[in-house]
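To convert, take the position in the sequence shown, counting from 1, and add 36; that gives the numbering used here.
Since the structure comes first, as structure tokens, the remarks are kept for the end.
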Amino acid sequence: MKILNMCLVSVIRRSFFQLAAQRGTKRTVLLIQPRSVNAYRTFVLSTWLSKNNLEDTTEKLDLDGWKDMMRTTVQEEISEKTSHTEEDPNVEATKELIEVLRLTTKLVPENITEEQFKKLLEHPSVTSKKQYLAFLAKKEFLKKAEKEKKARKRANRETLIIEEPENQLIKKFWERSEDIVCGWRVAQAMIFGQPVVFDMSYEDEMSEREMQNAVKQMMESEALNRRAKDPFHLHYCSLTTDGLYHKAFVKSYGEAWDKLMVTVSEKAYTELFPREQLVYLTADSPNIMKRFEHDKIYIIGCLVDKIMKNGASFARAKRLNLATARLPLDMYLDWGSGNKNLTLNQVLGILLALKDTGDWKEALKFVPQRKHSGFVDISLAEADLWKGAKKYGRTIGQEQSDRGARFSKRPKKHKWWQDTSS
């Protein structure tokens, strides 16, 4: 009888526990957890089992509490469903607008991120929303075209490697080695190089699209400076942490932003450098830049405007009592009807070329050819200046600055309601 009871105990214990599943290639049997025992059934085979019976750990089921819990969970699910269905009417209208534009084959991106959709909701009118959607669609198309172009280049490169044997005499200079050399030059420039300041305090005067264009031009400027023979020490002044410019830089550069070889500061350039060395480059300045000065610190205003905002950088420089200068574009280039606005990377390229060569004709090659008809004959221009200087007994530099002053002091036409008596 004792042996029978022990066998029954082993059977019951086996029924109380789950066997672990086969793990990998090994078969292991583990006791994971006891199965739940029904509270309303007891099974006693003998007095020996009743004496050694385990304590009943099951609790009485509280039906009222269970009903209350089920009611609250159902109400929460209903509230969540109603909150998802009852969306903001602006969200519903924007989604309908996107669907209508897609059905009418307008410019709409295929994929819209959550961040882009939030920015889309901030646009007040339907026209501005359409313009933003068209901008996103063009951006998406350009990304796809760039990926396809890279894929074609990769395929062509693979075919060239297969067709042409490797050159054993002249080894290729790897891009990694070139990056190391360029990085070493920039590191030396950060210690001994001439500073160039980018004024980053214009973020409140630009739209989101203008901000993206400015960041793109700044990235091209940094890359151009990194590849230069004698790079500048770039300073990004008045760059507030977690500001619009800072967020755009972090988004564009990613982890490389912290490793970028530039000096970033929230302070203004007037707090970092002596005022007598600062020269603000602005197209509205009456002073023509005649030569590159290696002891000066040139300031470039990071303002990209689709709508012309004349005088913004010049007014800021005058307010800070700083020296100003403009590039001699009229003296060397035949502009015609093209505008004289240059991008940030073009201005930095001109400064780099002037620093290396001192030749304006070489430096102004960074100006796109679509904006001008060619270079002016420098000899004729200098001869004209020499005749004017000889006539009035002045030097060529005085004649040149006098012409710029006469141009800037032309009488302005006043409106009929303006008081001209003062």
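The beta-carbon is built from N, C-alpha and C at its ideal position, and this holds for glycine as well.
All of these numbers come straight from a predicted model, not from anything done at the bench.
Worksheet item: Quick one: what's got a C-beta closer than 8 Å to phenylalanine 268's C-beta in the same chain, skipping five residues either side?
Response: Your numbering for residue 268 matches position 232 in the sequence shown. Closer than 8 Å at the Cβ level, and outside the excluded window around phenylalanine 268, lie Ala225, Gly229, Gln230, Pro231, Val232, Asn261, Leu384, Leu387, Leu388 and Lys391.
Discussion item. DSSP three-state label for glycine 219, please.
Written reply: Position 183 of the sequence shown, counting from 1, holds the residue named residue 219. In the three-state reduction of the DSSP assignment, glycine 219 falls in the helix class.
Worksheet entry | CB contact flag (glutamine 462, valine 403, <8 Å) | This structure cannot settle anything about residue 462, because the visible part of the chain is limited to 37 through 458.
Practice prompt. Check leucine 238 in the structure and name its three-state DSSP category.
Written response: Against the sequence shown, residue 238 aligns to sequence position 202. With the sequence shown as reference, residue 238 is identified as tyrosine, and leucine is not the correct amino acid for it. The answer is coil: DSSP assigns tyrosine 238 none of H, G, I, E or B.
Worksheet item: Would DSSP call histidine 408 helix, strand or coil?
Response: Locating residue 408 in the sequence shown gives position 372, where the first residue counts as 1. Correct three-state label for histidine 408: coil.
Discussion item. Is the separation between the beta-carbon of methionine 242 and that of aspartate 320 shorter than 8 Å?
Written reply: Position 206 of the sequence shown, counting from 1, holds the residue named residue 242. Position 284 of the sequence shown, counting from 1, holds the residue named residue 320. Between methionine 242 and aspartate 320, the C-beta gap is not smaller than 8 Å, which leaves the two residues out of contact.
Worksheet item: Helix, strand or coil: which one does DSSP assign to methionine 226?
Response: Counting from one through the sequence shown, the residue named residue 226 turns up at place 190. In the structure shown, methionine 226 sits in a helix (DSSP, three-state: H, G or I).
Discussion item. Assuming alanine 264 is part of the beta strand (DSSP E), what are its boundary residues?
Written reply: Counted from its first residue, the sequence shown places residue 264 at position 228. Under the DSSP assignment, alanine 264 falls outside any beta strand (DSSP E); it carries neither an H nor an E label.
Worksheet item: According to the neighbour-count rule (16 or more other Cβ atoms, all chains shown, within 10 Å of its Cβ), is glycine 394 buried or exposed?
Response: Taking the sequence shown and counting its residues from 1, one reaches residue 394 at position 358. Result: exposed.
Worksheet item: Which whole-angstrom value describes the C-beta separation of valine 298 and leucine 317, a residue pair presumed to lie in contact below a C-beta threshold of 8 Å?
Response: Here residue 298 corresponds to residue number 262 of the sequence shown, with the count starting at 1. Here residue 317 corresponds to residue number 281 of the sequence shown, with the count starting at 1. In fact, because the Cβ distance is near 18 Å, the residues do not count as touching under 8 Å.
Discussion item. Between which residues of its own chain and phenylalanine 153 is the CB-CB distance below 8 Å, once the five residues before and five after are set aside?
Written reply: Stepping through the sequence shown from its first residue, residue 153 is reached at position 117. The answer, listed in chain order, is Thr130.
Fill in: Environment of glutamate 182 [buried if 16+ CB atoms lie within 10 Å]
By one-based count along the sequence shown, residue 182 stands at place 146. By the neighbour-count rule (16 or more Cβ atoms within 10 Å), glutamate 182 is not buried but exposed.
Discussion item. Tell me whether the segment 350-364 and the segment 274-288 touch, counting them as touching only if at least three CB pairs, one residue from each stretch, are closer than 8 Å.
Written reply: The segment 350-364 is not in contact with the segment 274-288.
Worksheet item: Got a sec? Which residues, its chain only, sit under 7 Å from glutamate 256 by beta carbon, not counting five neighbours each side?
Response: Within the sequence shown, the letter at position 220 stands for residue 256. Cβ within range, chain order: Asn381.
Worksheet item: Smallest Cα separation from glutamate 244: which of Asp266, His159, Ile324 and Tyr272?
Response: Reading the sequence shown from its first residue, position 208 is the one you call residue 244. Between glutamate 244 and the set Asp266, His159, Ile324 and Tyr272, the nearest pair of CA atoms involves His159.
Practice prompt. Using DSSP bridges, identify the partner residues of cysteine 273.
Written response: On the sequence shown, residue 273 is found 237 positions in, with the first residue counted as 1. By DSSP's assignment, cysteine 273 forms a beta bridge with Asp235.
Practice prompt. Inspect the beta-carbon positions of leucine 143 and alanine 187 and report whether they are closer than 8 Å.
Written response: Taking the sequence shown and counting its residues from 1, the one referred to as residue 143 is at position 107. Taking the sequence shown and counting its residues from 1, the one referred to as residue 187 is at position 151. Not in contact: leucine 143 and alanine 187 (Cβ atoms no closer than 8 Å).
Worksheet item: Applying the criterion that 16 or more other CB atoms from any shown protein chain within 10 Å of the CB defines a buried residue, is aspartate 370 buried or exposed?
Response: Walking along the sequence shown from the start, residue 370 turns up at place 334. Exposed: under 16 other Cβ atoms inside 10 Å.
Fill in: For threonine 360: DSSP bridge partner residues
As a working mapping, residue 360 is identified with position 324 in the sequence shown. Tyr316, per the DSSP bridge assignment.
Worksheet item: In three-state DSSP terms, what is leucine 378?
Response: Here residue 378 refers to the residue found at position 342 when the sequence shown is read from its first residue. Coil, per DSSP.
Worksheet item: Between aspartate 235 and tyrosine 305, is the Cβ-Cβ spacing less than 8 Å?
Response: As a first step, residue 235 must be located in the sequence shown, where it is residue number 199. As a first step, residue 305 must be located in the sequence shown, where it is residue number 269. Contact: yes.
Worksheet item: With 16 other CB atoms within 10 Å as the buried threshold, where does aspartate 216 fall?
Response: Taking the first residue of the sequence shown as position 1, residue 216 is located at position 180. As written in the sequence, residue 216 is isoleucine, which differs from the aspartate given in the question. Counting Cβ neighbours within 10 Å, isoleucine 216 comes out exposed, since fewer than 16 surround it.
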